[in-house]
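All residue numbers in the sequence shown are consecutive under numbering that gives the first Met the number 0, ending with 309.
Quick notes on the structure that follows.
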Amino acid sequence: MNQLSASQAIEETCSIVIDGKAFAKRLRGEVAEEVASFVADTGHQPGLAVVLVGSDPASQVYVRTKMRQAEEVGIASFQHLLGSETTETQLLSLITLLNEDDSVDGILVQLPLPEHINESAVIEAIDPAKDVDGFHPINVGRLSAGEPGMVPCTPLGCLLLLQDRLGDLSGMKAVVVGRSNIVGKPIGQLLLNANCTVTTLHSRSRDMVAECRRADILVVAVGLPEMIGAEHIKPGATVLDVGINRIENAKGEKRLVGDVDFDAAASKAGGLTPVPGGIGPMTVACLMRNTLAAARQRSHTSVTGGGKTS
Ligand code: GUN
């Protein structure tokens with residue numbers, strides 16, 4: 000009897016967990032097949048340039064993962080590791096070279112940049128057609144106007160997971176906690192474009208718990224370890240945890256946790272992404288998807304001589 004209820008409990012938890020790692024693996028497999036047929040059709044191998052300035056350990060890990068997964072799906076990867084003393088002018092010169100390099104379809108400058116470099120100036124220097132991060136104001140504008148363009152990788156990963164889990168999102172009440180340019184704002188736009196009713200909460204919002212409890216879809220991206228508990232969640236809601244926080248317990252042991260208290264949330268949510276293994280792998284898989292999309296778009300515009308506006 001005990002045995003049965005334990006296995007039932009496991010089964011129930013499994014059905015709650017949204018396995019971003021497995022979904023990302025499938026997505027990378029699809030991208031790899033599409034890259035192979037793109038190469039066969041065009042003779043051009045898609046290329047991704049990844050630029051890292053400085054030696055932030057977390058950024059180094061992210062960049063290595065991006066380079067490795069690019070190679071695995073058949074995308075050529077070009078790594079540019081620059082010292083922390085690199086000037087803004089030197090970085091802008093590199094971006095000009097990458098913009099002009101036909102073997103490069105996507106350019107990603109890992110953020111954050113050292114304080115002496117103006118992040119906006121760097122993002123704006125990237126050719127919008129190669130902006131696989133979707134951070135250039137042209138792509139931000141296209142997303143907000145509901146026009147096709149490069150969509151930031153983490154929000155795109157969130158949307159794909161939600162659509163896979165829930166199907167059509169029309170009419171659902173979505174609450175986004177966090178208003179960063181990288182996640183909070185673009186995921187809000189994507190959900191709005193998918194016909195959700197969207198509320199964005201932030202550090203000055205009132206009635207946080209009550210607002211969160213109205214959500215059919217709750218996306219949390221604030222960078223505060225386990226700030227969302229069971230009390231924030233409507234029974235059956237789908238919860239995406241974008242946070243990745245390294246915390247240390249009393250014994251000095253380090254572990255990764257999200258912005259959502261997983262065990263507490265699992266008692267209420269209908270679906271929940273774990274950390275690690277939830278949104279993180281989706282971000283990198285969507286970078287591969289965006290690089291292929293950039294290569295396709297660029298090959299199309301160079302063949303047809305398009306890219307003109309009318
Ligand atoms: N730093 C943290 N997330 C990201 C991301 O999605 N893109 C870039 N370029 N830097 C990041």
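Ideal Cβ placement from N, Cα and C applies to all residues, glycine included.
This one's a predicted model, so the numbers in the text were calculated from it and none came from an experiment.
query	result
CB of residue 113 within 8 angstroms of CB of residue 83, strictly	yes
Near ligand 1: residue 107 beta-carbon under 7 angstroms from a heavy atom	yes
Reference residue 89, options 116, 64, 72, closest by Cα	116
Residue 256 beta carbon less than 8 angstroms from that of residue 231	no
Cβ neighbour criterion (16 or more within 10 Å) applied to residue 70	exposed
Residue 194 burial status per 10 Å Cβ neighbour count (16 or more: buried)	exposed
Member of 291, 103, 80, 265 whose CA lies at the smallest distance from the CA of residue 17	265
Three or more C-beta pairs below 8 angstroms linking the stretch 278-298 and the stretch 14-34	yes
Of the listed residues 271, 172, 210, nearest to residue 196 (C-alpha basis)	172
Nearest to residue 53 (by Cα), restricted to the options 87, 147, 254, 245	87
Per DSSP, cross-strand counterpart(s) of residue 254	246
Residue(s) in a DSSP beta bridge with residue 217	174, 238
Closest residue to residue 260 among 224, 276, 254 (Cα-Cα distance)	224
heavy atom of ligand 1 below 7 angstroms from residue 157 C-beta	no
Endpoints, alpha helix (DSSP H) assigned at residue 58	56-71
Rounded distance between the beta-carbons of residue 283 and residue 64, thought under 8 angstroms	6 angstroms
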